[in-house]
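Colleague: Residue numbers (UniProt numbering): 1 to 375.
#1: Does DSSP put residue 261 in a helix, a strand or coil?
#2: Could you tell me the distance, in whole angstroms, from the CA atom of residue 280 to the CA atom of residue 202?
#3: Okay, do the region 335-343 and the region 246-262 touch, 3+ Cβ pairs below 8 Å being the bar?
#4: Using C-beta distances below 8 Å, list every residue in its chain close to residue 368, excluding the 5 sequence neighbours before and after it, in chain order.
#5: Taking the alpha-carbon positions, what's the residue 267 to residue 366 distance?
#6: How do the region 105-119 and the region 330-339 stand: do at least 3 beta-carbon pairs fall below 8 Å, yes or no?
#7: Residue 298 lies in the alpha helix (DSSP H); which residues open and close that run?
#8: So, at 8 Å on beta carbons, what are the nonlocal neighbours of residue 120 in its own chain, with the 5 sequence-adjacent residues on each side left out?
#9: What is the DSSP secondary structure of residue 101, reduced to helix, strand or coil?
#10: Taking the continuous beta strand (DSSP E) assigned at residue 280, which residues delimit it?
#11: How many Å lie between residue 219 and residue 100 at the Cα?
#12: Could you give the distance in angstroms between the alpha-carbon of residue 103 and the alpha-carbon of residue 299?
#13: Could you pull out every residue in the same chain whose Cβ sits closer than 7 Å to the Cβ of residue 131, ignoring the five residues on either side in sequence?
#14: Would you mind reading off the limits of the beta strand (DSSP E) that contains residue 377?
#15: When the Cα atoms are used, what is the spatial distance from residue 148 to residue 140?
#16: On the criterion of 16 or more Cβ atoms from any shown chain inside 10 Å, does residue 27 qualify as buried, or is it exposed?
#17: Between which two residues does the beta strand (DSSP E) carrying residue 266 extend?
#18: Which residue comes first and which comes last in the beta strand (DSSP E) that contains residue 230?
#19: Which residues in the same chain have their Cβ closer than 7 Å to the Cβ of residue 324, if we skip the five residues on either side of it in sequence?
#20: Between residue 244 and residue 362, is the Cβ-Cβ spacing less than 7 Å?
#21: Rounding to the nearest angstrom, what Cα-Cα distance links residue 158 and residue 288 in this structure?
#22: Going by the DSSP bridge assignment, what does residue 140 pair with across the sheet?
#23: Spatial neighbours of residue 337 within its chain, please: CB distance less than 6 Å, with the 5 preceding and 5 following residues excluded, ordered by chain position.
#24: Just tell me which of 304, 328 and 133 has its CA closest to the CA of residue 311.
#25: Under the rule that 16 or more other beta-carbon atoms within 10 Å means buried, what is residue 89, buried or exposed?
#26: Out of 87, 77, 31 and 36, state which residue places its alpha-carbon closest to the alpha-carbon of residue 145.
#27: Mind checking which residues open and close the beta strand (DSSP E) that includes residue 219?
#28: For the beta strand (DSSP E) containing residue 115, name the first residue and the last one.
#29: Can you look up residue 294 in the DSSP assignment and give me helix, strand or coil?
#30: May I ask you to report which of helix, strand or coil DSSP gives residue 32?
#31: Along the chain, where does the beta strand (DSSP E) that runs through residue 254 open and close?
#32: Going by DSSP in three states, residue 244 sits in which element: helix, strand or coil?
#33: Leaving out five residues on either side along the sequence, give the residues of the same chain with a beta carbon under 8 Å from the beta carbon of residue 70.
#34: Excluding the 5 residues preceding and the 5 following residue 234 in the sequence, name in chain order all residues of the same chain whose CB lies nearer than 8 Å to its CB.
#35: Under three-state DSSP, which class holds residue 362?
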């Protein structure tokens, strides 16, 4: 009797419908699909919100995966986060230096900048630049890539400075806005001329003080001769590509009347660069980087540098210096593993008509040999 009652009560309880039971492979495939979608959504949201992205958007492998050595003496190394630097400096206005940071991808320090414009977002609000020597947290830097703005210095007509070669060098009578000329005697005219020249010199000196500061970006046409610069662009609308390593610098040595400015690079080469190209004032930071000592072989491996084996220590089929008895390369000229001259042999045809050395922008080549040692 009791068992019958129990059976009837069990029949009164509704049973849930039987769902489709997925296999293990189907479940794993669904989970992988969900995880892949979440990962892509996370990358896209990080790309839209932050000013730098460390992870590529498309999930593909970008390195060789055969296990072969494709580049000698390279491999391994600690994982490095890539810092995205602003080499163009297109955003005008004042930027505050928040802090100086270390960058494993370069020898110089980098500076984190914050734009004072409250409407700026993302890369326009925060950016990294190569830190000039002497810059500190709390300093101000500014980009004059579009020219000096109107009203930057009171009483100064910057339109005539922006279009003039060496605009920050000479005092021009037409730079300062003139008042209406009146009928005055000769003594008063002389006094006014002196005051005018004095005000011009004062305004131009104030302009040079505000613009020629380390970290500011100017067009080469505006930079006075003798100024030390770095991060020089070769295209008027392009990023800075020259003089970016630690402690390096270049110097403006002259302006042509038409198109080019002569710049002496770190190697001693004097090169012509378009006057509409931009450069950053100052020298690159961390000048003592060249005196560093790694201290142990492990630090070289952290940097991704593998051991370098001497040619005389190899077999004859591995290197031109290999084989034989002892540590002698025999009666051979020193060459590389591919047979190129390794001790001072020039591997390209010299002269302006050479196939690889035909750069017409070079005014004077860098010193080599005895000329380099004498310097």
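Virtual Cβ for every residue (Gly too), placed ideally from N, Cα, C.
Modeller: On the basis of the data shown:
#1: When DSSP states are grouped into helix, strand and coil, residue 261 belongs to the strand group.
#2: Between residue 280 and residue 202, the C-alpha separation is close to 24 Å.
#3: The way I'd put it, the region 335-343 doesn't touch the region 246-262; fewer than three beta-carbon pairs between them come closer than 8 Å.
#4: For residue 368, where only same-chain residues beyond five positions count, there are no Cβ hits under 8 Å.
#5: Between residue 267 and residue 366, the C-alpha separation is close to 6 Å.
#6: In this structure the region 105-119 does not lie against the region 330-339, because fewer than three pairs of beta carbons, one per stretch, are closer than 8 Å.
#7: That run of the alpha helix (DSSP H) goes 297-302.
#8: Excluding positions up to five away in sequence, the list reads 91.
#9: The DSSP-derived three-state label of residue 101 is strand.
#10: It spans 278-281 - the beta strand (DSSP E) in which residue 280 sits, taken as one unbroken run.
#11: Taking the straight line from one Cα to the other gives about 25 Å.
#12: The alpha-carbon atoms of residue 103 and residue 299 are separated by roughly 16 Å.
#13: 100, 108, 109, 110, 111 and 285, listed in sequence order.
#14: Since the first and last residues shown for the chain are 1 and 375, residue 377 lies out of range.
#15: Going by the C-alpha atoms only, they are around 16 Å apart.
#16: Within a 10 Å sphere around the beta-carbon of residue 27 sit fewer than 16 other beta-carbons, which makes this residue exposed.
#17: Note, residue 266: premise wrong, no beta strand (DSSP E); not H, not E.
#18: Counted as a single uninterrupted DSSP element, the beta strand (DSSP E) harbouring residue 230 occupies residues 228-230.
#19: Once the five neighbours on either side are set aside, the close Cβ partners of residue 324 are 330.
#20: Result no, Cβ atoms of residue 244 and residue 362 do not sit closer than 7 Å.
#21: The alpha-carbon atoms of residue 158 and residue 288 are separated by roughly 39 Å.
#22: BP columns for residue 140 point to 96.
#23: Once the five neighbours on either side are set aside, the close Cβ partners of residue 337 are 319.
#24: With distances taken between Cα atoms, residue 311 lies closest to 328.
#25: So residue 89 ends up on the buried side.
#26: Ranking 87, 77, 31 and 36 by Cα distance to residue 145 puts 87 first.
#27: For residue 219, the enclosing beta strand (DSSP E) stretches over residues 217-219.
#28: Under the DSSP assignment, residue 115 falls in the beta strand (DSSP E) whose first and last residues are 110-115.
#29: It is coil, neither helix nor strand.
#30: The answer is helix: DSSP assigns residue 32 an H, G or I state.
#31: Start and end: 250-255.
#32: Three-state result, residue 244: coil.
#33: Taken in chain order, the residues that qualify are 64.
#34: For residue 234, where only same-chain residues beyond five positions count, the Cβ hits under 8 Å are 241, 242, 273, 274 and 277.
#35: Strand at residue 362.
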